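*Asks:*
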Amino acid sequence: MIRLISIVIGLGFTLVVLIAFGTGLANVISDGQFKEATVESVFHEHAHGPEGGFSFEGALGTWDKQQLQRGYQVYKEVCSACHSLNYVAIRDLGQLGYSEAQVKAEAASWQVPGIDPATGEATTRPGLPTDHFPSPYPNNVAAAAANNNAVPPDLSLITKARHNGPNYVYSLLTGFEEQPAELLEQFPDAKTPAGLYFNPYFANLNLAMAPPLNSDGQVTYAEGNPEPTISQMSADVAAFLTWTAEPKLVKRKQTGWAVLGFLLFATVLAYLSKIQVWSSLKKRDDD
Numbered sequence: 009m010i011r012l013i014s015i016v017i018g019l020g021f022t023l024v025v026l027i028a029f030g031t032g033l034a035n036v037i038s039d040g041q042f043k044e045a046t047v048e049s050v051f052h053e054h055a056h057g058p059e060g061g062f063s064f065e066g067a068l069g070t071w072d073k074q075q076l077q078r079g080y081q082v083y084k085e086v087c088s089a090c091h092s093l094n095y096v097a098i099r100d101l102g103q104l105g106y107s108e109a110q111v112k113a114e115a116a117s118w119q120v121p122g123i124d125p126a127t128g129e130a131t132t133r134p135g136l137p138t139d140h141f142p143s144p145y146p147n148n149v150a151a152a153a154a155n156n157n158a159v160p161p162d163l164s165l166i167t168k169a170r171h172n173g174p175n176y177v178y179s180l181l182t183g184f185e186e187q188p189a190e191l192l193e194q195f196p197d198a199k200t201p202a203g204l205y206f207n208p209y210f211a212n213l214n215l216a217m218a219p220p221l222n223s224d225g226q227v228t229y230a231e232g233n234p235e236p237t238i239s240q241m242s243a244d245v246a247a248f249l250t251w252t253a254e255p256k257l258v259k260r261k262q263t264g265w266a267v268l269g270f271l272l273f274a275t276v277l278a279y280l281s282k283i284q285v286w287s288s289l290k291k292r293d294d295d
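Our numbering puts the first residue of the sequence shown at 9, with every later residue one more than the last.
1. What are the uninterrupted segments assigned as alpha helix (DSSP H) that are 4 or more residues long and contained completely in the segment 204–265, given in chain order?
2. With DSSP as the reference, identify every bridge partner of Ala130, one or two as the case may be.
3. Measuring alpha carbon to alpha carbon, tell me which of Leu215, Lys168, Val149 and Gln240 ends up nearest Gln81.
4. So, with DSSP's three-state summary, where would you put Ala97?
5. Out of Leu136, Ser164 and His91, state which residue places its alpha-carbon closest to the alpha-carbon of Ala152.
6. Per DSSP, what are the beta-bridge partners of His140 in this structure?
7. For Gln77, which residues in the same chain have their Cβ closer than 7 Å to its Cβ, ignoring the five residues on either side in sequence?
8. Please report how far the alpha carbon of Gln194 lies from the alpha carbon of Phe210, in whole angstroms.
9. Could you tell me how far apart the beta carbons of Leu163 and Leu93 are, in whole angstroms, since I believe they sit closer than 8 Å?
10. What number of angstroms, rounded off, separates the C-alpha of Pro174 from the C-alpha of Leu19?
11. Count the other CB atoms within 10 Å of the CB of Ser117; is the residue buried (16 or more) or exposed (fewer)?
12. Can you tell me the Cβ-Cβ gap for Pro139 and Ile166, rounded? I've got them flagged as a contact below 8 Å.
13. From Gly225 to Glu48, what distance separates their C-alpha atoms?
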């Protein structure tokens with residue numbers, strides 16, 4: 009009787025697995041070759057990083073603080089005109105290698121919302137290290153009005169909010185181009201609307217943001233840094249935005265290696281203890 013029940017239960021599990029496999033296969037087929045092609049599915053491209061990748065990639069990756077400082081410069085001089093960093097405090101720049109005096113100077117270069125102590129009216133004041141980076145717009149209505157009804161997203165966590173975030177940011181910034189002729193031949197109704205810009209790395213291929221980095225040398229780097237080409241500036245700001253989203257990324261990797269080392273040591277220790285504990289019983293069995 010028990011054997012019969014076991015067989016029935018096993019057949020039931022097998023049936024469930026077969027149903028799940030069949031459902032999954034049907035979904036793959038319906039989403040694949042039998043699904044009608046769209047302009048997005050044909051011309052959308054997967055994100056890629058700069059040549060040589062980023063220094064923080066891989067199990068042993070580390071921050072390139074010079075690159076992060078250059079990325080902050082690109083954000084400040086270009087991106088901050090439209091995008092905020094609401095979740096990043098100015099004092100966090102100390103983690104990039106800036107001295108305390110430099111952080112204070114950087115904070116003072118930003119104008120943040122404040123209150124006039126004499127009248128109580130809203131005003132602006134020089135920033136303090138404890139302030140967060142200010143938004144360029146007072147609210148989303150003003151942001152939309154200034155950007156073709158599109159609200160620029162906050163960039164604090166953008167590389168975590170997008171798949172393959174660092175490479176996505178890099179590809180998007182370097183991916184603006186004229187709409188391919190073959191796209192219009194295959195999809196005549198898919199012409200990029202006026203006021204939008206074609207970018208194959210964006211989900212629907214057209215976005216309201218104009219190319220923010222449109223010429224080499226748009227940002228002037230200090231002596232000793234790489235040439236500020238569009239590709240270099242894009243890589244630098246992508247690295248900086250990875251840091252804003254995951255400032256403990258490198259430390260987490262280092263902690264992971266320490267944990268793995270401890271687990272390996274504990275495993276060897278447990279194995280040696282097992283041999284020691286059972287050795288006397290093994291000798292007794294041999295006797």
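Yeah, the Cβ is synthetic: ideal placement off N, Cα and C, and Gly gets one too.
As the structure is a prediction and not an experimental result, all values here were calculated from the model.
*Replies:* In short, the structure shows the following:
1. Segments of the alpha helix (DSSP H) lying fully in the segment 204–265: 238–253.
2. Here residue 130 refers to the residue found at position 122 when the sequence shown is read from its first residue. DSSP output for Ala130 lists Ile123 as bridge partner(s).
3. Counted from its first residue, the sequence shown places residue 81 at position 73. Of the candidates Leu215, Lys168, Val149 and Gln240, the one whose C-alpha sits nearest the C-alpha of Gln81 is Gln240.
4. Your numbering for residue 97 matches position 89 in the sequence shown. Residue state for Ala97 is assigned as strand, using DSSP reduced to three classes.
5. The residue you call residue 152 lines up with position 144 of the sequence shown. When only C-alpha atoms are compared, the closest one is His91.
6. Position 132 of the sequence shown, counting from 1, holds the residue named residue 140. The partner list for His140 (beta bridge, DSSP) reads Ala97.
7. Taking the first residue of the sequence shown as position 1, residue 77 is located at position 69. If we look at Gln77 and ignore the five residues flanking it on each side, its Cβ neighbours are Leu104 and Gly105.
8. Numbered from 1 along the sequence shown, position 186 holds the residue referred to as residue 194. Numbered from 1 along the sequence shown, position 202 holds the residue referred to as residue 210. When rounded, the distance between both Cα atoms is 19 Å.
9. Taking the first residue of the sequence shown as position 1, residue 163 is located at position 155. Taking the first residue of the sequence shown as position 1, residue 93 is located at position 85. With 8 Å as the limit, Leu163 and Leu93 qualify as a contact, their Cβ atoms being about 6 Å apart.
10. In the sequence shown, the residue the question calls residue 174 occupies position 166. In the sequence shown, the residue the question calls residue 19 occupies position 11. Near 47 Å, if we compare the C-alpha coordinates of Leu19 and Pro174.
11. Start at 1 with the first residue of the sequence shown, and residue 117 comes out as number 109. Exposed, since its Cβ has fewer than 16 Cβ neighbours within 10 Å.
12. Working through the sequence shown from its first residue, we reach residue 139 at position 131. Working through the sequence shown from its first residue, we reach residue 166 at position 158. The amino acid at residue 139 is misidentified as Pro; the sequence shows Asp. With 8 Å as the limit, Asp139 and Ile166 do not qualify as a contact, their Cβ atoms being about 21 Å apart.
13. Your numbering for residue 225 matches position 217 in the sequence shown. Your numbering for residue 48 matches position 40 in the sequence shown. Distance between the alpha carbons of Gly225 and Glu48 is about 33 Å.
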